[in-house]
Amino acid sequence: MGYINTIIILGGINIIAALGVAILTGYTGLFTIGHAGFMALGGYMSAIFVKELGVPFPIALLLGGTFAGLCSFIIGYPAFRSELRGDYFAVATLGFSEATRLLLNNTRSMGESINTAESGIAMLFKPIGPLLVKLGGVFGYMSLPSPTNVFVVVVAVILALFFAHMFVTSQYGKNCIAISQDEVAAQMMGVNLLKTKMIALFVSAFYAGVAGGLMAFYFAYLTPSFFTITKSSDLLAAVVFGGIQSLIGPVITGFILVVFPELLRSFAEWRLIIYGFLFVIVMIFRPQGLLGYVEMNFYFVRIWWNKIFRRGQTSQEG
Amino acid sequence: MNKNVQLFRKWWGLLLIGVLLISSLSGCGSQEKVLKIGYITEQTGVDAYVGAASVPAMQDYVDEINAKGGISGYKIELVVYDTRSEVPDAVTVAKRLVDQDKAVAIIGPSWSSAGIPLADIADAAKVPMVATTASNVNVTVSEDGTLHPYMFRVCFIDPYQGFAQADFAYNKLGLRKAAFLTDIASPYTVGLHQFFKDHFIELGGEIVAEEGYTQGDAEFRAQLAKIKDAGADLLVVDAYTFKDIGLAAQQAEALGLKVQIMGGDGVFVPELLEMAGPQLEGAIVTTGVTTDSPDFAEFNKAFEAKHGTQANIYTYYGLDALMAIEYAIGEAAKKGDVTPTAVRDALETMTDVQLFTSKVTMEPDTHNPHNKPLLIMTIKDSQWVLTETFQPK
């Protein structure tokens, strides 16, 4: 069972991060190739909360996600103020995530020099010196607890999907879609571009942060090399491959992208070539992604609910 | 378009069915007594040369064992999984080896970032794992000092190599001003840097420059210029990938930087000489095994003739790990109990067992091989020349 569980867990974590990217790229039209950075921030922060401060695991996950969300403002505010769009914003996110990773690579040596410093600006950081050493830089943050299991991940995925659905069907979500269709028109209709984009980025980074936290507590070990640009581009691929303006698409492909390389194991070295080839084929035949503009809905749940409780009428809201 | 889509769907379906069939077929086994040994390696990604040089040799050796009738009647099957050089993939395949393949022992991984999380998996599943070149201390002994009972390795650890390098540079070469070019994203490189530095300063040497780069960088001129200005007489490039030291040497020559270059066992592969042999003239590389020892000449020749690729240290470490497991399975079979736990017990107590490269005694309290000699290699006329064997005191 452990192997199947591993695939479900890694697939589930990928789904949560991909949902985050779907909200930002699929719905708001802002391309990102830096979500690994938010995963790293969320992962490290929730690990610190659990290991150093003894915060319960679910709360630490939410705090880690919130921390990643708050950090997203560092890049979001200046980028959206100066109206960076499309590729330019993508490059900015890439820079942010690489900077995050390089900072994490150096936590140990930073911590050591702070611990031994006797004057200057380093004194300000004296209290966090020992913590930075513990984070371990490139050696990784070791001996974490590992409460992540299939149950936790499945619950997290269901909650993540539910809240993502609520978000994209809310007024905020509609504003996001409006921005992705036409920014100028959206602005003329009274959509606050800066605020809406910041909210989308916050939610998106929150999802990535939670995914990073789950990952930390699954491997019981964190190292900056988990969060390279490959991770970011995999997430973007899940969303583009799964479909723009769809939640169910990225969910399915987010999972498939983890499962497929495993299924193809019998092809050994050829598997990544096949994997890339399938990508090209899908992009040629379905440029909008497998489930582009196909929206999941909960009609069926509502219908069942009404049938069971004999309310008699079905609501038209999705 | 519609027709295309239909056609595409049909093929897609067929392909999926094909894939499922093949993966289910590969699960069928024969009725013989077969033991599976897993090998977690890198066949794709930046470090693909690790798998390319080790898998064929290990498969050959397994075939040889089976041709002789197996280990005490048990046939061996080598199950090789690729990790794309990524840690999550290494974790997934480790779980697969433990659960699906029911491997009796696992070989790998070759790098420490994967070795650390994998040690927990080995402990939890009670399947022994023998790392090949994962040299970070925390692979077999966790941070708080407790031993991972199911994790072993056949290479020496970073502190030892860094210590020996510093000792050799200071005492034998008489160098006093060291500069570093370090891959800040690699625990191996950073570890060696740290231990080299500590011992070098302890001896009385001076560190004049510490420059960093990250894996995949190809341009070191800025860092090398700084090192040149700092007046270093020793440049330490303990890279994990041979390309880094090769490129650094080429660019150092272009800049007119004349220093003694030193590297670790990560770069001890024949490809390095093809890449930058003339530029690395006189450079020193430390390693645990050498491909140039006359003992291996015959093996190297046969290997190259058969597989069209040169053997490197990963071939040897892979074989070392495989032979250690072969020995342990043999011991376990003698007691009539070939379970992963029995194999682990035999690995822990192995004493003076002849493996591929040398005789190995496992230290029961650290699971590292005891006192592996360190070889100092010098590059002369684009060839490796063994200058000295360093024995720890």
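Those protein sequences? They're chains X and S, same order as listed.
Count along the first sequence from 1, add 2, and you get the number used in my numbering.
Count along the second sequence from 1, add 246, and you get the number used in my numbering.
All C-beta atoms in this analysis are idealised placements derived from N, C-alpha and C, irrespective of residue type, glycine included.
C-beta neighbour in chain X for residue i, strict 9 angstroms
| i | result |
| --- | --- |
| residue 346(S) | yes |
| residue 332(S) | yes |
| residue 447(S) | no |
| residue 512(S) | no |
| residue 382(S) | yes |
| residue 554(S) | no |
| residue 437(S) | yes |
| residue 405(S) | no |
| residue 452(S) | no |
| residue 374(S) | no |
| residue 563(S) | no |
Coil, strand or helix - residue i by DSSP
| i | result |
| --- | --- |
| residue 199(X) | helix |
| residue 594(S) | helix |
| residue 370(S) | helix |
| residue 507(S) | strand |
| residue 41(X) | helix |
| residue 606(S) | strand |
| residue 580(S) | helix |
| residue 287(S) | strand |
| residue 229(X) | coil |
| residue 58(X) | coil |
| residue 630(S) | strand |
| residue 217(X) | helix |
| residue 282(S) | strand |
| residue 32(X) | coil |
| residue 479(S) | coil |
| residue 600(S) | strand |
Rounded Cβ spacing between residue i and residue j (contact assumed at less than 8 angstroms)
| i | j | result |
| --- | --- | --- |
| residue 474(S) | residue 503(S) | 5 angstroms |
| residue 282(S) | residue 323(S) | 5 angstroms |
| residue 66(X) | residue 47(X) | 4 angstroms |
| residue 481(S) | residue 501(S) | Actually they do not touch by this definition, with Cβ atoms about 12 angstroms apart. |
| residue 35(X) | residue 102(X) | Going by Cβ atoms, the distance from residue 35(X) to residue 102(X) rounds to 13 angstroms, so no, they are not a contact pair. |
| residue 290(S) | residue 259(X) | 16 angstroms between Cβ atoms; not a contact. |
| residue 513(S) | residue 488(S) | 4 angstroms |
| residue 494(S) | residue 438(S) | Wrong, their Cβ atoms sit about 15 angstroms apart, outside the cutoff. |
| residue 416(S) | residue 449(S) | 4 angstroms |
| residue 4(X) | residue 345(S) | 4 angstroms |
| residue 70(X) | residue 43(X) | 4 angstroms |
Min CB distance residue i to chain S below 9 angstroms
| i | result |
| --- | --- |
| residue 151(X) | no |
| residue 132(X) | no |
| residue 264(X) | yes |
| residue 222(X) | yes |
| residue 217(X) | yes |
| residue 104(X) | yes |
| residue 159(X) | no |
| residue 115(X) | no |
| residue 17(X) | no |
| residue 141(X) | yes |
| residue 72(X) | no |
| residue 203(X) | no |
| residue 301(X) | no |
| residue 296(X) | no |
Nonlocal neighbours in the same chain, by C-beta distance under 8 angstroms from residue i, ignoring five residues either side
| i | result |
| --- | --- |
| residue 400(S) | 376, 377, 378, 563, 566, 567, 570, 601, 606 and 615 |
| residue 247(X) | 28, 29, 179, 182, 294, 295 and 297 |
| residue 110(X) | 134, 135, 137, 138, 139, 140 and 141 |
| residue 546(S) | 537, 556 and 557 |
| residue 302(S) | 549, 552, 553 and 555 |
Sequence-distant residues of the same chain with beta carbon closer than 7 angstroms to residue i, five excluded per side
| i | result |
| --- | --- |
| residue 524(S) | 628 |
| residue 277(X) | 262, 263 and 266 |
| residue 242(X) | 291 |
| residue 201(X) | 174 |
Beta carbon of residue i nearer than 9 angstroms to that of residue j
| i | j | result |
| --- | --- | --- |
| residue 209(X) | residue 150(X) | no |
| residue 147(X) | residue 222(X) | yes |
| residue 590(S) | residue 372(S) | yes |
| residue 510(S) | residue 484(S) | yes |
| residue 329(S) | residue 389(S) | no |
| residue 577(S) | residue 596(S) | yes |
| residue 215(X) | residue 49(X) | yes |
Neighbourhood of residue i by C-beta distance below 6 angstroms, restricted to the same chain and skipping five residues each side
| i | result |
| --- | --- |
| residue 384(S) | 362 |
| residue 170(X) | 29 |
| residue 91(X) | 32 and 81 |
| residue 620(S) | 410, 532 and 636 |
Neighbour list for residue i in chain C, Cβ cutoff strictly below 8 angstroms
| i | result |
| --- | --- |
| residue 539(S) | Judged by its chain identifiers, the structure shown contains no chain C, and its protein chains are X and S. |
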